[in-house]
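K.L.:
Sequential numbering of the sequence shown, starting at 2, is according to my numbering.
Note that CB positions come from ideal geometry on N, CA and C, so glycine has one too.
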Amino acid sequence: MAKIGALDLAAGLGGTIGKSQVLSAVDKYEKYHASYGGKEEERKAEYSDMANKYYDLVTSFYEYGWEESFHFAHRWKGESLREGMKRHEHFIASQLALRPGMKVLDVGCGIGGPLREIARSSSTSITGLTNNEYHIKRGEELNRIAGVDKTCNFVNADFMRMPFSSDTFDAAFAIDATCHAPDACECYKEIYRVLKPGQYFAAYEWCMTDSFDPNNEEHQKIKAEIEIGNGLPDIRLTRQIIEALERAGFEVIWEKDLSPDSYIPWYAPMDKNRLSLSNFRTTALGRWITTTMVKALEGVGLAPEGSLRVKKFLEQAAEGLYEGERREILSPMYFFVARKPESKSP
Numbered sequence: 002m003a004k005i006g007a008l009d010l011a012a013g014l015g016g017t018i019g020k021s022q023v024l025s026a027v028d029k030y031e032k033y034h035a036s037y038g039g040k041e042e043e044r045k046a047e048y049s050d051m052a053n054k055y056y057d058l059v060t061s062f063y064e065y066g067w068e069e070s071f072h073f074a075h076r077w078k079g080e081s082l083r084e085g086m087k088r089h090e091h092f093i094a095s096q097l098a099l100r101p102g103m104k105v106l107d108v109g110c111g112i113g114g115p116l117r118e119i120a121r122s123s124s125t126s127i128t129g130l131t132n133n134e135y136h137i138k139r140g141e142e143l144n145r146i147a148g149v150d151k152t153c154n155f156v157n158a159d160f161m162r163m164p165f166s167s168d169t170f171d172a173a174f175a176i177d178a179t180c181h182a183p184d185a186c187e188c189y190k191e192i193y194r195v196l197k198p199g200q201y202f203a204a205y206e207w208c209m210t211d212s213f214d215p216n217n218e219e220h221q222k223i224k225a226e227i228e229i230g231n232g233l234p235d236i237r238l239t240r241q242i243i244e245a246l247e248r249a250g251f252e253v254i255w256e257k258d259l260s261p262d263s264y265i266p267w268y269a270p271m272d273k274n275r276l277s278l279s280n281f282r283t284t285a286l287g288r289w290i291t292t293t294m295v296k297a298l299e300g301v302g303l304a305p306e307g308s309l310r311v312k313k314f315l316e317q318a319a320e321g322l323y324e325g326e327r328r329e330i331l332s333p334m335y336f337f338v339a340r341k342p343e344s345k346s347p
């Protein structure tokens, strides 16, 4: 398992963006969002550029704090964050009934942490799809280290326009990824197209719950903080997810918000009153130390100008996520399993 330190964090900041261009990239990224006057329509129209800038800017922070898997997980009593994340990944594999030899698609794979965990536990071949060049470069390196580079690969492409033939994959999954899609139905239609008939798609989605009030200014502020801190064009309601799946042609097998079903909630890493030695970097004190460190690294030129501003909007995200759960208006743990129907007989 790769674990990066302070100098790795500084070196990776900006991903494939030139170090001298990081500040201007931060400027452009921020202006997409409501906090800086941005509009939802522009975020959706420019979702690919926005998501690419976001992940180039934040991936080294993610690795520093979360290692290889960029998602939340609810945990049982006595379970560490990493153990919970592995169980979270194994659960999605179990729901897809993955078996050796299956050809699987990871939609929006990041640097491939879940891909590697699921591939090793299920003996499947997994293709990771991402439109971020830095994710592919980093993911290929980590695949070689993990020894799955012969069975797993990455494809640089947009999940709204996949470069695969229809009826290609035996299963597909997405973990906190299709929330970046500007149109859920169109994204699900592409996943439907590349799945073989009779096969399954499972995903964790980020959603606003039915408690979200679009006319409540505080709710809108929290939503905006989550969007800027997580590179999202919008956050859909849970019922909109099911409607989009059905319009895309899927049969929804089951769906549930898994947020309430844990002893240690998914938002524990954002809780300022929590102290964890095993996951110290995600605690309030750990985040403060990281902020101080980034400020110093930027000050001496080891981290590019604009790095501290990236850390700032990630802090906004942490606050928004915690408040969103506390007010029960957000869940990043909305899970579903859907099936592409068998082909009809002629």
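When the Cα of aspartate 1 is compared with those of Lys32, Glu69, Trp267 and Arg310, which residue comes out closest?
P.N.:
The requested residue 1 does not occur in the structure, where the chain is confined to residues 2 to 347.
K.L.:
From glycine 250 to valine 195, what does the alpha carbon distance come to, in whole angstroms?
P.N.:
Each residue's alpha carbon lies about 13 Å from the other.
K.L.:
How long is the line joining the alpha carbons of phenylalanine 337 and alanine 203, rounded to whole angstroms?
P.N.:
Computed Cα separation, rounded: 6 Å.
K.L.:
Taking the alpha carbon of threonine 283 as the point to measure from, which residue in Gly15, Lys40, Ser81 and Lys29 has its own alpha carbon closest?
P.N.:
Of Gly15, Lys40, Ser81 and Lys29, the residue nearest in Cα terms is Ser81.
K.L.:
Please state whether the Cβ-Cβ distance between tyrosine 63 and phenylalanine 71 is less than 8 Å.
P.N.:
In this structure, phenylalanine 71 lies closer than 8 Å to tyrosine 63 by Cβ.
K.L.:
Answer with buried or exposed for alanine 158, where buried requires no fewer than 16 other C-beta atoms within 10 angstroms of its C-beta.
P.N.:
Classification for alanine 158: exposed.
K.L.:
What do you reckon, are the CB atoms on threonine 17 and glutamate 142 nearer than 8 Å?
P.N.:
The answer is no: Cβ separation not under 8 Å.
K.L.:
Which whole-angstrom value describes the C-beta separation of glycine 230 and leucine 315, a residue pair presumed to lie in contact below a C-beta threshold of 8 Å?
P.N.:
That pair is a contact at about 6 Å.
K.L.:
Let's see if you can read the secondary structure: which residues bound the alpha helix (DSSP H) around glycine 66?
P.N.:
Here the alpha helix (DSSP H) through glycine 66 covers 48-67.
K.L.:
Would you kindly check if the distance between the Cβ of isoleucine 330 and the Cβ of threonine 210 is under 8 Å?
P.N.:
Cβ distance < 8 Å, so threonine 210 and isoleucine 330 count as in contact.
K.L.:
For tyrosine 201, which residues in the same chain have their Cβ closer than 8 Å to its Cβ, ignoring the five residues on either side in sequence?
P.N.:
Here the set comprises Gln96, Leu97, Ala98, Ala172, Ala173, Ile254, Val338, Ala339, Arg340 and Lys341.
K.L.:
So, glutamate 41 versus aspartate 235, is the Cβ gap smaller than 8 Å?
P.N.:
Yes; because the gap between Cβ atoms is below 8 Å, this pair is in contact.
K.L.:
Taking the DSSP output, what are the residues bridged to methionine 271?
P.N.:
Note: methionine 271 sits in no beta bridge, so no partner.
K.L.:
Where do the N-terminal and C-terminal ends of the alpha helix (DSSP H) with aspartate 9 fall, by residue?
P.N.:
Segment 7-13, the alpha helix (DSSP H) holding aspartate 9.
K.L.:
Have a look at threonine 125 and tyrosine 323 and give me their C-alpha separation to the nearest angstrom.
P.N.:
Each residue's Cα considered, the two are about 36 Å apart.
K.L.:
May I have the straight-line CA-CA distance separating threonine 361 from glycine 232, to the nearest angstrom?
P.N.:
Examination of residue 361 is not possible in this model, given that the chain is present from 2 through 347 alone.
K.L.:
Is serine 308 closer than 8 Å to histidine 75 when the C-beta atoms are compared?
P.N.:
No. Outside cutoff.
K.L.:
Inspect the CB distances between the stretch 104-118 and the stretch 140-154 and report whether three or more fall short of 8 Å.
P.N.:
Yes, the stretch 104-118 touches the stretch 140-154.
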